[in-house]
Every structure is written in structure tokens, then in C-alpha cells.
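*Asks:* Mind looking over this structure? Questions follow.
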Ligand code: NAD
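Residue numbers (our numbering): 75 to 429.
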């Protein structure tokens, strides 16, 4: 069965890191006979320069028709003065909306060779291997809001948080299914001691849990979860939470990981899902061939696992990344005395050779 993948390099280091990830996917294809077909589309500032829009209709249509999308990054100073609705970053929102990407999966795994890069003590950082499943299209970010109104002669503003049962059911199912592919534990994070939306969230997650008896479920309040991520992050397997809490906790967890260039993500849609590193287009190092491609390569591994369901190939890519690091290969952002400093391209070759 052949698989079609749309690659969107985007701007800045996007070209370099997606080229690296495609090279590794091709190595996985050669080994496991995946029959991958790649096509390339524009988005972001590059697309704006060519077509006057950051997300051409053709790009969105190609993504909708593909089995999966591999995305680099968008943005850069040269588009700072572009009209806000046409800024490169609008491509991301457009893809989220156009593909119905309702959930964001952010794994944070501290590779044994990189334990020292975490700001946490090595004994706390060792063994961290968690995924945050964040609801992406609901909650307070998409609720009604009022920028300013007068109430009894006092100015105020408000934002409305709302969640429906189907929205929570969908994300809870995804979290339980993700846990089934991992260590079988879900932590649902809310603020049910205060918020009505959180009480509906908790009730619904418990109802969905009835269909996943093989998965263990615990609930944590968001303030406690934020503390636990700093003091005992290795306890977590899958964390599932709403849009606002997920935004904050996923950045906290990313810092625990130690290096921005290492972290992958998946945005899950009903039909097509999109895979991208968590970092931006890094204009300060673009075009120099020094960007760390591992976050994008690990995003490609997620693509193999979650969209193409080729578990063995995904495992092989992740193991190859671990081995390249264990063998001392480092891009400049991770380089330390005693390691071998390599370019983006050489890192891709090192990983591809180990797949
Ligand atoms: P950034 O993530 O691009 O860079 C932050 C710092 O981390 C920089 O010093 C950069 O050199 C470094 N860095 C990032 N990725 C790296 C990698 N793979 N290897 C080595 N070093 C790396 O964040 P920023 O500087 O705040 O944003 C730059 C542009 O990216 C902005 O236009 C922003 O809007 C955009 N952005 C895009 C996305 C996306 O496409 N999903 C996400 C965040 C920011």
C-alpha cells in the first residue's frame, strides 16, 4: 500500500530540517518497504512572496488529499510589516482549521545521552518519557470574548471558556488510545475544584474511560500537575488536558526536555494529521546548515506511528536517533567537549545510516 506525504518546508531553517527528515524517511522506506511518495507545497512567508497569501488553496487541498503532512516552520523578520491577516504564522492557524486538527500530541523524552542538558537534576530528568495530549480547537481560546465594557462605571474584559461533551470525548479517546500504544497510564488535568468546564471534563473523561479498562486513569489539578512536572516528571505517561492548560504545561514540559531542537509534535485531524518540530523557523541560523534536525526527524517517526501505523519503522527511526546521540554526534546547539560537531546534513546521514 503506498502512502502520500505532503512536505511543507516553510521558511528559515524549514528547508534544511525537512530535507533531513525526508532523507531518514527514505532510509526507513528502503528498509521496511513503505512505498512513500513525497510532494512539496509552499506555506508561510515563502508562499506569501510567491502568491500573496501564507496558505495557498492548492497547499490546503494537497494536504487534505494526503495521508500525512510533514511541516518545517514558518516566519521571519522580513515579513514583520506584512498585514496581520497575511503573516506567515497565519498558515499554521489556517492548516489547523482547514484540516480540523483537534489535538496536539507533544512527547517529551529525555534521551539517556542528553540527561545533562535538562535544567533538572540528572536523577529527576532520567527516564522522563511522557506525552501531552492537548485539546486544540476549543476552550477559552475559541470562546466568546469582550475586549472592554463598562460595568457600574468600571472597565472590564472577559473571555468565555466552554467545552461540550463530544469535544471532551474525542480528545479523551485519543489519550486512552495513545496510552495503549505506550505504558497504559493517563493523567487527566483540570481545575475541577473551581471550574464548571473542568467538572464536565472530568465526568466525561471518566465515562470514556469505561471503554478502556486496560488503561489506568488518574486526575490531577493543573496547579499540582505543574509542580509534579518539575519535581517528579518521570511519573507521567500520557497527560490529557484542555487548550489553555495544555498550552502552558506543554511549554513547561518542553523546558524539562532541555533542548528546543529535539522535540517533535503531532497535530491530529479527523482525516489528515500534521507533524512538525515544536521550534520556529530560527532565522538567526537559517541557511548555515547547522540547525538540529532531530525534532523534525522525531516528528517523522510520529508520522510513521500515528498516520501510517507502521510501528516497527517508527521504532527504528527513534532508535537510530538515540544511537546517533549515543555515538557522540551533536549539532552545534548540543555540542560539548568530547562530542563530534556535525552539520544538519551529517546528522541526517548519521541517523539514516542507523535506521
Ligand atoms: P525559534 O524556535 O525559531 O528560535 C528560538 C531559538 O532557538 C533561536 O536562537 C534558534 O536559533 C534556536 N533554535 C530553534 N530551533 C532550532 C534548531 N532546530 N536547531 C538549533 N537551534 C534552534 O523561535 P523564535 O526565534 O521566537 O521565532 C522565530 C520565527 O519562528 C518567528 O517568526 C516565529 O513567529 C516563528 N515560529 C514559528 C513556529 C512554527 O512554524 N510552528 C513556531 C514558533 C515560532
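Even for Gly, the Cβ is constructed at its ideal location relative to N, Cα and C.
Just to confirm the assignment: which complete beta strand (DSSP E) runs, minimum length 3, are found wholly within the stretch 254-328?
*Replies:* Taking 3 residues as the minimum length, the beta strand (DSSP E) runs contained wholly in the stretch 254-328 are 259-264, 290-295, 312-315, in order along the chain.
*Asks:* Taking three-plus beta-carbon pairs below 8 Å as touching, is the stretch 197-215 in contact with the stretch 367-383?
*Replies:* no
*Asks:* So the alpha helix (DSSP H) residue 371 belongs to, where does it begin and stop?
*Replies:* Element bounds for residue 371: 368-376.
*Asks:* Taking the alpha-carbon of residue 297 as reference, which of 112, 195, 103, 262 has the nearest alpha-carbon?
*Replies:* 262
*Asks:* Take residue 407 and list the residues in its own chain whose beta-carbon comes closer than 7 Å to its own, dropping the five residues that flank it on each side.
*Replies:* 333, 335, 366
*Asks:* With three or more C-beta pairs closer than 8 Å as the rule, is the stretch 160-175 touching the stretch 313-331?
*Replies:* no
*Asks:* Would you identify the three-state DSSP class for residue 137, choosing helix, strand or coil?
*Replies:* helix
*Asks:* Is DSSP giving residue 125 helix, strand or coil here?
*Replies:* Correct three-state label for residue 125: helix.
*Asks:* Check the C-beta distance from residue 404 over to residue 416 and give it rounded, since I have them as a contact under 8 Å.
*Replies:* That belief holds up - the Cβ atoms of residue 404 and residue 416 are roughly 7 Å apart, short of 8 Å.
*Asks:* Could you please give me the residues that DSSP links to residue 232 through a beta bridge?
*Replies:* 220
*Asks:* I need the straight-line Cα distance from residue 97 to residue 108, nearest angstrom please.
*Replies:* 14 Å
*Asks:* Give a single yes or no on whether residue 366 has its beta carbon closer than 7 Å to a heavy atom of ligand 1.
*Replies:* yes
*Asks:* Using a Cβ-Cβ cut-off of 7 Å (strictly less than) and excluding sequence neighbours within five positions of residue 273, which residues of its own chain qualify?
*Replies:* 266
*Asks:* Closer than 8 Å is the cut-off here; do at least three beta carbon pairs connect the stretch 223-240 with the stretch 195-202?
*Replies:* no
*Asks:* Using the beta-carbon count (16 or more within 10 Å), is residue 232 buried or exposed?
*Replies:* exposed
*Asks:* Residue 344 and residue 174: beta carbons closer than 8 Å?
*Replies:* yes
*Asks:* Mind reading off the beta-carbon distance from residue 429 to residue 102? Whole number of angstroms is fine, and I expect it under 8 Å.
*Replies:* 5 Å
*Asks:* By Cβ distance below 8 Å, which residues in the same chain neighbour residue 376 in space, the five residues on each side in sequence not counted?
*Replies:* 179, 181, 338, 339, 340, 349, 388
*Asks:* On the DSSP letters alone, give me the boundaries of the beta strand (DSSP E) that residue 342 sits inside.
*Replies:* 338-343
*Asks:* Under the three-state reduction of DSSP, which class applies to residue 168: helix, strand or coil?
*Replies:* helix
*Asks:* What is the residue span of the alpha helix (DSSP H) that residue 105 lies within?
*Replies:* 88-106
*Asks:* Can you find a heavy atom of ligand 1 that lies under 7 Å from the Cβ of residue 163?
*Replies:* yes
*Asks:* Confirm the yes/no value for this check: CB of residue 407, any heavy atom of ligand 1, distance under 7 Å.
*Replies:* yes
*Asks:* Just verifying my parser: in three-state terms, what is the DSSP assignment at residue 352?
*Replies:* Note: residue 352 maps to coil in three-state DSSP.
*Asks:* Between which residues of its own chain and residue 80 is the CB-CB distance below 7 Å, once the five residues before and five after are set aside?
*Replies:* Here the set comprises 113, 115, 136, 137, 140, 143.
*Asks:* Does the pairing of the stretch 244-264 with the stretch 276-284 give three or more beta-carbon distances under 8 Å?
*Replies:* yes
*Asks:* Indicate the three-state DSSP secondary structure (helix, strand or coil) for residue 76 in the structure shown.
*Replies:* coil
*Asks:* Which residues mark the beginning and the end of the beta strand (DSSP E) in which residue 205 is found?
*Replies:* 203-209
*Asks:* Could you tell me whether the Cβ atoms of residue 149 and residue 168 are closer together than 8 Å?
*Replies:* Remark: C-beta atoms of residue 149 and residue 168 do not approach each other more closely than 8 Å.
*Asks:* For residue 85, count neighbouring C-beta atoms within 10 Å of its own C-beta (all shown protein chains included) and say buried if the count is 16 or more, exposed if not.
*Replies:* buried
*Asks:* With DSSP collapsed to three states, give me the class of residue 83.
*Replies:* The answer is strand: DSSP assigns residue 83 an E or B state.
*Asks:* Just how far apart, CA to CA, sit residue 304 and residue 226?
*Replies:* 43 Å
*Asks:* Is residue 116 a contact residue of ligand 1, with contact defined as CB to any heavy atom under 7 Å?
*Replies:* no
*Asks:* Report buried or exposed for residue 134, applying the criterion of at least 16 other Cβ atoms within 10 angstroms of its Cβ.
*Replies:* By the 16-neighbour rule on beta-carbons within 10 angstroms, residue 134 is buried.
*Asks:* With DSSP run on the structure shown, which of helix, strand or coil describes residue 200?
*Replies:* coil
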